[in-house]
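Novice: Quick note, in this note's numbering, the sequence shown goes up one by one and the last residue is 340.
Backbone N, C-alpha and C fix where the C-beta goes; we use that ideal spot for every residue, glycine too.
From a predicted model like this one, the values you see are computed outputs, not experimental measurements.
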Amino acid sequence: MKRILAAFMLLVCMTGCAAQPQSYTADFFAMDTFMSITAYGENEQAAQDTAVQLEQRINALEPALSRTREDSDLYRLNHADGAVCEVSEDTYAAIEAAVQYAEWTGGAFDPTMAPLTDLWGINTDNAHIPAQAEIDAALAHVGYQNIELLGDNQVRLLNGAQLDLGGIGKGFATDAAAALLDGSASVLATLGGNIGAYGENPNRDSGNWVVGIADPDNSADYLATVEVRGLSVVTSGDYERYFEQDGRRYHHIFDPATGYPADSGLRSVTVIDERSTRADALTTALFVMGLEDGMAFCAEHDIAAVFVTADKQVHTTEQVDAVCTFTFLGDEKGYAYAQ
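#1: Take the Cβ of Arg268 as the centre, count every other Cβ of all protein chains shown within 10 Å, and call the residue buried at 16 or more, exposed below.
#2: Below 8 Å on the Cβ atoms is my guess for Ala280 versus Gly172; work out the distance and round it to an integer in Å.
#3: In angstroms, rounded to a whole number, what distance separates the CA positions of Ala263 and Gly170?
#4: Which one or two residues does DSSP pair with Gly238 in a beta bridge?
#5: Using the C-alpha atoms, what's the distance from Thr106 back to Leu117?
#6: In three-state terms, what does DSSP make of Asp247?
#7: Residues in its own chain within less than 7 Å of Glu56 by CB, not counting five upstream and five downstream?
#8: Count the other CB atoms within 10 Å of the CB of Arg68; is the residue buried (16 or more) or exposed (fewer)?
#9: Under a three-way DSSP split, which group does Gln340 fall into?
#10: In the DSSP assignment, what residue or residues form a beta bridge with Ala306?
#11: Do Trp121 and Ala128 have their beta-carbon atoms positioned less than 8 Å apart in this structure?
#12: Does the beta-carbon of Ser73 have 16 or more other beta-carbons within 10 angstroms, so that it is buried, or is it exposed?
#13: Between Asp165 and Leu159, what straight-line distance do the alpha-carbon atoms span, to the nearest angstrom?
#14: How is the beta strand (DSSP E) around Ser37 delimited, first residue to last?
#15: Using the C-alpha atoms, what's the distance from Ala282 back to Asp176?
#16: Quick check on Glu201: does DSSP put it in helix, strand or coil?
#17: Between the Cα of Ala300 and the Cα atoms of Val309, Leu287, Gly193, Asp312, which residue gives the shortest distance?
#18: Less than 8 Å separating the beta-carbons of Val235 and Ser277?
#19: Can you tell me whether Ala323 is buried or exposed? The criterion is at least 16 other CB atoms within 10 Å of its CB, across all chains shown.
#20: At what residue ranges does the region 39 to 77 contain a whole run of the alpha helix (DSSP H), taking only runs of 4 or more?
#21: Give the DSSP bridge partners of Ala31, in chain order.
#22: Would you report the Cα separation of Gly248 and Met290, rounded to the nearest angstrom?
#23: Going by beta-carbon coordinates alone, are Asp303 and Gln314 separated by less than 8 Å?
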């Protein structure tokens, strides 16, 4: 369910004859999105080995996290009519994390939104505004409380619930890839809207990676950058998947309380965190909460987040300065930095 986050590295010229790390980039398509992994090593083969290893790990997660593939764990679980299903360790771990973050956010993030996603059909040829009766019927099956984690990789769905792990899938994949790295590896992983920046960036004196936060009005441009290392940067926005009708935008970030796209006054939320899975879930939850409640939640839990509002205000939480260097670039684009 998640989004395209603009990411880039600011490169510097390499001069002199000192040996420089070699890089290798693996570009591939997985989880319904374009992905790219750039790894650095003492030579090109070492860099290639790292990038290919991470790509293989991510591709291996496809049958664990997809709900549309008929050979996937989620497909079997969603079609089990309430029977107990044994799933893979990866699938169980992802479901367990999804339930944890749903509980933590009071249901603002909910992994059982599949009935609403299918009903609205956003980003398909069948995108439309459903009748209220249809929304109410779909909501009757929504609720993370309908997920029973029974241990030993056993899961049961109650009340006709349907799981969709798209809200944390790319974050889970980012964390799974990062778990394969040792502390010396230098990797920039761009998995759709999830950026993982690990190790030292050999192309910058600071060793940090610079990641751009997209302008919701022009996602090819940036309204800010964050300079990070050993962190993931994730954004959710209303500009990624949507349709418009009668002058109103209907996007893919649904409010579990209403069954409609969240009308929170926000355009995007970015979270910077060591755990990409958590950041993935939080961008959705904070978008649903809105600016005031979202900022309060972040203050309570020390979350580094950037909120972009519909009236072109950019707000950062106190934790942002603690984990990264934030640079605001939105003045000429009509944005105001509300510190």
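Specialist: Once the coordinates are examined:
#1: When all chains shown are included, Arg268 counts as buried.
#2: The C-beta separation of Ala280 from Gly172 comes to about 6 Å, placing the pair in contact by the 8 Å criterion.
#3: Those two C-alpha atoms are separated by around 20 Å.
#4: Its beta-bridge partners are Ser269.
#5: Approximately 19 Å between the Cα atoms of the pair.
#6: In the three-state scheme derived from DSSP, where H, G and I count as helix and E and B as strand, Asp247 is classed as coil.
#7: The beta carbon of Glu56 sits closer than 7 Å to those of Ala27, Phe29, Ile38, all from its chain and outside the five residues before and after it, given in chain order.
#8: The Cβ neighbour count for Arg68, taken over all protein chains shown within 10 Å, is at least 16; the residue is labelled buried.
#9: Annotated three-state conformation of Gln340 is coil, per DSSP.
#10: As DSSP reads the structure, Ala306 sits in a beta bridge with Val272.
#11: Yes, they are a contact pair.
#12: Buried is the call here.
#13: Across the structure, Asp165 and Leu159 are spaced so that their CA atoms are roughly 15 Å apart.
#14: DSSP places Ser37 in the uninterrupted beta strand (DSSP E) bounded by 34 to 42.
#15: Those two C-alpha atoms are separated by around 13 Å.
#16: In the structure shown, Glu201 adopts coil according to DSSP, grouped into three states.
#17: For the options Val309, Leu287, Gly193, Asp312, the alpha carbon positioned closest to that of Ala300 is the one of Leu287.
#18: Between Val235 and Ser277, the C-beta gap is smaller than 8 Å, which places the two residues in contact.
#19: So Ala323 ends up on the exposed side.
#20: Listed in chain order, they are 45 to 61, 63 to 66.
#21: Ala31 is bridged to Thr34.
#22: Taking the straight line from one Cα to the other gives about 24 Å.
#23: For Asp303 and Gln314, no; Cβs fall outside 8 Å.
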